[in-house]
Every structure is written in C-alpha cells, then in structure tokens.
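So the sequences go chain by chain: S and E.
If you're matching positions, the first sequence starts at 1 in the numbering used here and goes up one per residue.
If you're matching positions, the second sequence starts at 814 in the numbering used here and goes up one per residue.
Don't be surprised by glycine CBs; every beta carbon is placed ideally from N, CA and C.
So the structure is just underneath, and the comments pick up after that.
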Amino acid sequence: MTTHLGFDFTPPDVEGKVSGEIKYAEDYKRDGMVFARILTSPLPAGRVANIDASAALRMDGVVGVFTADDLPPSPPPGNPTLASEYVTYVGQPILVVAAVTEEIAESAIDNIRVDFERRDFVVDPMESLTPGGKNAYPEGNVLIRTREEGPGGTPIIGAEIRDIKWPQSAIDAMRNGRNPVDGEFTTEWAFGDIDAGFAESVAVIEEPFVTMGYPHHCLEARTSMAYWENGKCYFHGSSQSQSANNNGLARMMNIDPGDLVFINEATGGGFGSKIGPYPIMAVAGNFSRMLNRPVQLRITREQEFYIGSARSGMQGWIKIGVKEDGKVAAVDLVIVNDGGSTGGGSGNSSAGHVTITFQPENMRYRGISVYTNTTPRGAQRGPGENEMAAVLAPITDKAAAVVNMDRVRFRRANVIDSDGVRSQSQSGVTSAFVREALDQGMRLFNWNERINQPKRTGNGNKVRGRGVGIGYHGAGSRGYDGLVRIGTDGRLYIHSGVGNLGTYSYAGTCRAAAEVLQVPWDRCEILRGRTDNHLPHSSGQGGSNTMFTHTRTNWVAAEDAVNKLKEIAAADLGGSPNDYEIDGERVFSSSDSSQGLTYAQAAQRAIEMGGRYSGMEYPDDINPITQRAVQGIQGTGLIGVSKDNIPGQGQPPGNVVGFTEIELDLDTGKYEILDYAAVADCGTVIHPTNFMNSMRGGAVWGVGMANLERHVYDPQNGLPANTGLYQSKPPTYLDVPTSTRAAAVNIPDPQNPAGCRGIGEPTQGASVAAIASALSDALDGHLFNTAPTTTDMIVNHLAGNSYSTQSLKTNTF
Amino acid sequence: MNPQLTRRRFIKGVIFSGAAVTTGTGYYLANAQTGQSAAERLVTLNVNGRSRPVDVLPSETLAYTLRYKLDLTGTKIGCNRGECGACTVLLDGVPNYSCSVLTQNVKDRAVTSVEGVRSANGTLHAVQQAFVAENAPQCGFCTAGQVMSAVALLNSNPRPTRDEALQAMSGNLCRCGAYEHYLNGVMRASGQIV
Ligand code: FES
Ligand code: FES
C-alpha cells in the first residue's frame, strides 16, 4: 500500500520561500566580511598586457586584489576563472577587488588600469568557418575532444583547439538549404544505410534551420561567500547540486573534500547553468584564505548574463525521407554549433532527439562546434533536444503532409516505444509510453475536432493555428548512494545530497524512503543543504535525473534499514529476520504482532549492537562522500545505507507531448497562445501539484524559446546588446497562457521501485515544438526554421520580405 | 603576466583605521567620501510597523538598506534596475521596486517587506498560505516579490478577476515560469478557489 507516492505534500522549504526566511547565498554575512567585485573585459578578444592596481590599493578600505596569477593556470580550452592571456568575450572576469564596503570595492574598480592588447574576434560560427573567417582564439576556432590510449588501457580524454575552415561551396550549400558535402566535421556517426533509406522513400524533405543561444538568466545571480574556520572552508554558493559539488569545489581550493562545508539551502534557479562548480566559484574561497577574512563576491545582473552561461546556438541542415506508410526511412543531419567562448555544443543531443521522435532505421549525423567570442555556453534545460524539437516540429508537420497523414498520427507512427532505441548508440530505454501520451493528449486537447475548425474566426485580421510537439530528455542514472537514520526518538532522518534549485526533487525522492519504512511524513525529517548535515554521494541535480536516480537510492537505503530492523528484532526476540514485518513504526513478529520493537527501541538497540547497525561499519562499495557522511552520524541510531545496485539497463527517458492553439495577428505578427495542454510520460507521478508546476514552468520556457529569447551581438564590436532581463526577454505573466492543462500517462517505469522518471527538461521541448507547429499551421505550412521566431520575422514574412533564416546567423541578425 | 605586480602589493593589512566594518550589528560605518554629515545620514524608517534608525548613504536604495543594513533579506535583488520585481515592497500599501527607490526618500512612508505580512500571532498571510497550497514557488527567488504584489492587490481589490490579478502581478518576473501557480494562489487567497 502506498501512502506517500502520488500524494501531495508540502516540501519543507516552501514556507521559508513564501515568508522570505529561507536563505540564499547572498543572504549570509559574517563578522569581518569584505565585499568583492569583479572587473570585466570591455573587449571581445585580446590579452591582458598590464594591470596597475596601485591607486585602488591606496584607497582606504580596499583590502586586496585577486587576479589570474592567484589561481592555477587554465590554458585553452579551459574556461578560466579570471582571464589573462586569453580574453575571449566581453564581460569576461579579469580581476576581483575586495574592500570593507561594496561602494569602496566598486570605486576601486574604477581606479584600476588594465592595458589590453586586442585580437580579432568573431560572433557567428558560419562566419568563422568561412574561408578567411576570423577565429575566436589565436589557436583556432573549433573544440576537438581527444581520446588517447593511456597506461593500462585507460583512455585519456582531452580537448584541443584547431583551426578549421570550410570551402566556400560548403558554406554556400548550408546557407541555401543544401547538404554541405565538403564541409569538415568533428563528430560523425551513422547507422543503417541512408542512401537505401532515401531510395525507398516516397518523399524527401530538405531544410536548413537556425536556433539562437540565449542566457539562462537565473533570477538569483551567482553570488558566493566563503570563510575559513578551524582549517575548513565554509562556502555559501548558488548551485543546483549539493553533494555533487563537493569534489570539484574542494579541488578549486586545493583542499581535501572533507575540509569543505558547502552550504546551499536554496538556489534561485539554475536551468543547467549551476549543475557543478562553475569557474567564478574559485574566487571567494581562495581570496578569503588569502585575506584571512570572509569574502562575499556579489555578481550583478549584467555579470550574470556574462558568466551565467547560455544555450548553444545551432545552424543546421536536415534531410528526411518518408515512406508511403508514414515511417521515416532515413535522416541526414548536419549541425554547426555555436560554442561561444567555451566551444562546446549540444549537436549530439539534438541528433538524439531526432532518433527518439523518428526512430529512423537509417541515419547519419555530422557535427562541428565552433568557438565564437560570445559568452560561455553550457547545459540549458534540455540542451540540444529542446532547440531541435523547436525546429523539427514544423518540418515533421511538412513530412506528415506529404504522405497525407494527420500530424499526431504521423508522430505516433514514428516515435519511440519501450522496445525502441535511441541516439548514436542505438541503445534501449527503461520504458517509453509516448504513444499513450499522444493518445491522451489528443483527447485532452480535443485534437480531432479542433483541427477541423476554421482558421479564421472573424476576429479581425487574425488566424488560428493548432500544433503538436514532442519533448524528450534522458531522465535518470544509477549507482549513487542513499543514507537514512532512524533516531532513538523513532523519527526517520533522510539524508539527501540532492540540490535544491526549485524542483523539489530533493523532497520528492525522500518520499521513497518514507514509503519503504512506512513512516508518516510528519515523522520524517530531511537533512540537506549543507555538507555538515552528513549527506551521501548524489548525482548532479541536472538532466531531469534526480527523481529516477534518488528515489532508487532512498529506496535501497530504506530497505537496508528495514532489513536491519528485522535482524535486530530477531536477535532480541528470537526467530529469523524473515519472521518479522514492519508497520506503524514498529517491527514485529508476523505471527504475533505484540512481539516487537518500536522504531525508537530498535534504534536504541542498533546503537548498543554497533557494527553495521549503527553505522560503525558500512558497505565497501559506497562512495567516500557517503563514507564520510556515515562516519558523521555513526552511533546515533539505526543507519540504513546502500549504493543503488538495483539491476537494469537502458536509459530512463523523460517524454512530454504538447498541444496548443494560437491566434496570430496578421497585421502585427504577434500571436496569443489560447490554449496549451501537455501530457507527460514520466512513470508514476510522485508529487502531483509539483508535477503540474514543473509542466507549466517548462511550458513557459517553451514560449521564451519559441518567440522571445536570443542573444544579440553587434558584429562590428562584439558587444552584447541585451544583457538585461528586459531586453533578453524571459516570458512574463503577459506573454504566457495562464490556464493550462497538464496530465500524465502515469504508467510506472519498471526499473524504478517507485515507478518514476524525471520530467524537468522535455516540458520545454514539448511546448516550443507545439507552438512552432501551430505557427506553421496558422500560416498554411510555412516553415520559418528558426528558434526563436520573433515577431519581426513573422511580420517580414507576412510582408513578403525575406527574413534571417536564409543567412543562418546566430547571435546577430 | 605582470612581473611588477606581486602578491604582497595586492594584499593590504586587514585592520583599518578609517573604515571599520561592523557586520555583526548589521550596518556599515563611515564611507568618508560621501561628503554628507553623519547627522544627515542617520534616518529613522518605519519598516513593518517598527521604527528602525539606520545610517543611509544618499545614493542608497531601499533594497540595499533593507537587505544589508536591516537584515531583512527576504527582499531579493534580481536585477537591481527595475526589471524583475524580486525586490517589491509596499510603500504606504503600494507596491514599489525597492531597488529603484532611494531610502532617503521614504523616511515618511510606511515600508512593508515580506517579513511584515504575517499576522501578529505569526500566522502566514492568506496570500502566503495560498502560495503554499498551490506549491507556487519553484526556486523561490521571485516569491517575496510575488507575495508583496499579491498582498497589495488584495488590499485594494479583495476579489479581483483573474485578468485583474494577472495585470496586477505582471511586474513580477518569474524565471522558473511558475506564473500560473502564483496566479492560482492569488485567486485562492481571495477566496475564489477553494
Ligand atoms: S531587483 Fe528590483 S526590479 Fe529587479
Ligand atoms: S520561482 Fe524561481 S524565479 Fe520565480
């Protein structure tokens, strides 16, 4: 009987959020704390020739300056905390000044003279690939991942920068929507035989596409504060993850992870940009150690734009062959990623999305990721998959049209199911019920009826469009650790190393432990948010993965506790552990329920018995992080601890389908989203109200990608034009539908004991895809092949003007 | 990189004569460059119904004073330039972006921050309770601002239509996109969703 899974509850931090009492990194201060501010680069490319900080250091209240020289070197392709030899984007941090007040630190920045030498720069990847095109780094323009055979056969994974130019013919081909046959790529893979696949197709579609990068703009800028006490570094940071940060952050300060207390009670959004320790985190801890004072490094909104990471853009080309029965026979895909100043792109994941939605038997992917002198790029909500969903949806609609199939039925015929395979590896999934989701969505949205309604409703010069989209992201991993403790007060203490960026999966996953031990939720307490709460080894809180991953870890830790309860009862009351069961916070004899121990009594006995019962001993296979956590609580109760060794294979997918109706004003190019309905295939829904918020939040992100958000750089000077929230335009209340519907297939995943998989990322992909599909529908199948498709693009199309798709530019227009 | 620039030259002593910092008591003393006398800088604010004497620089924003001098960190700074609403507080009951208000200009106004909306016995305000019921906050960074805009709305319009609520809340950005849940929270707090 489930008492916790699928029922609403209030995560313990919600009250602190509505009352303002919960603390984010910037809310902490410390006696003697000094304030640090960053000097950033005004240039898109160059090097620092000289720094003269003498005037600043003479100012009353200035306590120190911290530069790249104070950190280990980080040559390209590393993303340095502070730049020196390689300045590669406007806004890149150069140095940090600390003073006793923030005002003095700000003034001190103005008194520092930095001499730069300029270098060439480039803000568009295709420009950089063009013969004679500029490179973002002196060494070249392309990030290459390398893999060499190391000692004992262990591969050494590395990366280097190379200079790659395409022949003009390849550039021209891409810009004109044709295969860039003679372009050079750094990633290539294929399965099946695409020529044979295209040969058996009744229709072949070829389209170019472009998607823009855009900043994460987490509402909490990534301020940090650090101080040292008794040889330990106490670090208040803004991170998506908790335990997954420990080792990397400790490395940044060159200390043992056991000497780091990472404190992160709440995080004001991450969206992929704060999964692990990010470069600027190296400043507060090291500077604090140097100054022997607490240091707060405050990041401004503008700086958050610069260093807060952004989605990679892509310029691409796709060719799709469709058989008479509507099955996609072959796909040929090319992606040129805009890797910004860090060079990496998500093309492989974009290709993965294509394999999920089409399940082609024959496919080729060619990709290359090009540096530009724009902000660093990193994972952003469904990186690769979601922007691919955006441009693929209208192209999919076109494919359906050529074989005269309904758009939903076409998707249904092609999409992955539980026996399907994904990505380059063509490996399996734990389960997939996207068809069921499409069926449910059609009913929820009333698809069959609505697509037959007239597009013109007599509301001025307005026209309606209806669309459907699919979002997908891998949603879980395996092999992490769980840790629970039953205290002598009989309460269940669930130690969670999962971060808290607002998804509440740290709490949802803990419900699994309460379920296994059948402890009422008000008798459970979650320990989290700071390392010295003794937190187990956990996955990074990203990639939609924690629900699958950490329901499993909490499940196995709780099962370990159940086994120990039974063993203790058998030791005290006779018989074998199998003679006992649990209920009502007691362990008791199956044949005589009066013979038993309360959890509180059993916890006391665990302490007396010691050994593995009280955590004095623990399994060999748990991570050192978990070992330290167990050592911190050993002898204080009955300890349940285990690595997730649950057997199984395949990737747990997160799938969402979205349906929408829009009304487009043909005079202004603006559209309103009249209705949005989405259905998730995420296994068992653990926390229904939070599931709804997750679905809706992702849908809002889809609106941003569909219509509003993009980088804009000035190609003459390499300056970003929209660093603020207002200009980079995350959706507001007025941009989004606010009465939407969401549902779930709710078929349990067989490889998760709680039945669940994650859902954070594909919520956006489904939404952006459905909107793009609806926009195309409103315009009788017109393909913009862009994300976002902004109002000016729509207006230009309506006016019969060309728009920017053809030139395939990212960052500029 | 810069041979003349040694570590020794970049770190100064940690004891200062002119500009001591007393973070323990929650305010910073003497930025000697402002040219304003200490008497002019010392103001008494009415915050959450209490008189709060505080040393305020002429260029200081209310968000800064609340957060860094009065320890009222529930008010958040998302942009510091009037673009997000995370810093929303009430001035005489009217929502304002506290990052864009100079503290020296609100000496005669009643300032209400998120810390001031609970009832005297500590019960959460109806808006806060409704936001809990709707599980409205995601990351929570915009939440204080959303609470304040909703409280102001319901004070002036206890039973708004959904569209009136939407308009009233529209100055509060939520990067997590939890709009619908906040809006449902407003309607719930107004008794229109039960
Ligand atoms: S912080 Fe004041 S509006 Fe953003
Ligand atoms: S809940 Fe994260 S910004 Fe609103």
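S:Val562 carries a helical assignment under DSSP once its states are collapsed to helix, strand and coil.
If you draw a straight line from the Cα of S:Ala558 to the Cα of S:Ala507, it is about 15 Å long. Residue nearest to S:Gln651 within the set S:Gly352, S:Glu436, S:Gly469, S:Val679 is S:Gly352 (criterion: CA-CA distance). Taking a C-beta distance under 7 Å as the contact criterion, S:Pro277 and S:Gly258 do not qualify as a contact pair. Excluding its 5 nearest sequence neighbours in each direction, S:Gly91 has C-beta neighbours in its own chain below 6 Å: Thr40, Tyr306, listed in chain order.
Using beta-carbon distances, S:Gly347 does not count as an interface residue toward chain E, since no partner is under 7 Å. Out of S:Ala389, S:Phe659, S:Gln595, the CA that lies nearest to the CA of S:Trp447 is found in S:Phe659. Listed in chain order, the non-local C-beta contacts of S:Gly596 below 8 Å within the same chain comprise Ala569, Leu573, Tyr580, Arg586, Val587, Phe588, Ser589, local neighbours out to five positions each way being set aside. Per DSSP, the unbroken beta strand (DSSP E) holding S:Ile144 starts and ends at 142 to 149. The nearest non-hydrogen atom of ligand 1 is 6 Å or more from the C-beta of E:Ala949. Taking a Cβ-Cβ cut-off of 9 Å, the neighbours of S:Thr689 in chain E comprise Ala946, Glu947, Asn948, His994, given in sequence order.
Beta-bridge analysis with DSSP links S:Ser84 to no other residue.
Taking C-beta separations shorter than 8 Å and ignoring five residues to either side along the sequence, the partners of S:Gly487 in its chain run Tyr493, Ala600, Ala603, Thr636, Gly637, following chain order.
Put simply, the CB of S:Glu220 is near chain E, with a gap under 7 Å to one of its CB atoms.
Contact of S:Val700 with chain E by beta-carbon distance below 7 Å involves Gly990, Tyr992. Approximately 5 Å separates the beta-carbon atoms of E:Val867 and E:Lys882; this is inside 8 Å, confirming the contact. Cβ-Cβ distances below 6 Å link S:Leu674 to Glu661, Glu663 in the same chain, with the five nearest sequence neighbours on each side left out; the list follows chain order. Secondary structure remark: continuous alpha helix (DSSP H) runs of at least 4 residues inside the stretch 521 to 553 of chain S: none found. By the rule that beta-carbons nearer than 7 Å mark a contact, S:Asn693 touches chain E.
Around S:Ser309, the same chain offers His216, Ser273, Pro376, Gly378 as residues with beta carbons nearer than 6 Å, after the five sequence neighbours per side are excluded.
In the DSSP assignment, S:Tyr234 falls within the unbroken beta strand (DSSP E) covering 232 to 236. Excluding sequence positions up to five before and after E:Thr974, its CB lies less than 7 Å from no other CB in the same chain. Between S:Gly20 and E:Gly887, the CB-CB gap stays under 7 Å. Taking a beta-carbon distance threshold of 7 Å, S:Thr10 counts as an interface residue toward chain E. Contiguous beta strand (DSSP E) elements confined to the stretch 399 to 445 of chain S do not occur, taking only those with 3 or more residues. Remark: the C-beta of S:Gly269 is in contact range of ligand 2, defined as less than 6 Å to any heavy atom. In the same chain as S:Asn362, and ignoring 5 residues on each side of it, the C-beta atoms closer than 6 Å to its own belong to Gly192, Asp193, Ile194, Gly197, Ala330, in chain order. Checking the 6 Å criterion, the Cβ of S:Phe305 is out of range of every heavy atom belonging to ligand 2. For S:Asp115, the enclosing beta strand (DSSP E) starts and ends at 113 to 118. Taking 6 Å as the cut-off, the C-beta of S:Leu219 counts as close to a heavy atom of ligand 2. Rounded to whole angstroms, the separation of the alpha carbons of E:Leu879 and S:Phe66 is 29 Å. Ranking S:Leu775, S:Gly697, S:Thr732 by CA distance to the CA of S:Gln764 puts S:Gly697 first. Two segments are said to touch when three or more pairs of C-beta atoms, one from each, lie closer than 8 Å; by this definition the stretch 383 to 394 of chain S touches the stretch 770 to 781 of chain S. Within the same chain, Cβ atoms closer than 8 Å to the Cβ of S:Leu708 are found at Lys729, Pro730, Pro731, Asp735, Pro788, Thr790, the five residues on either side in sequence being excluded. The C-beta distance from S:Arg37 to S:Arg298 rounds to 7 Å, short enough to meet the 8 Å contact threshold. For S:Ile639, the three-state secondary structure derived from DSSP is strand.
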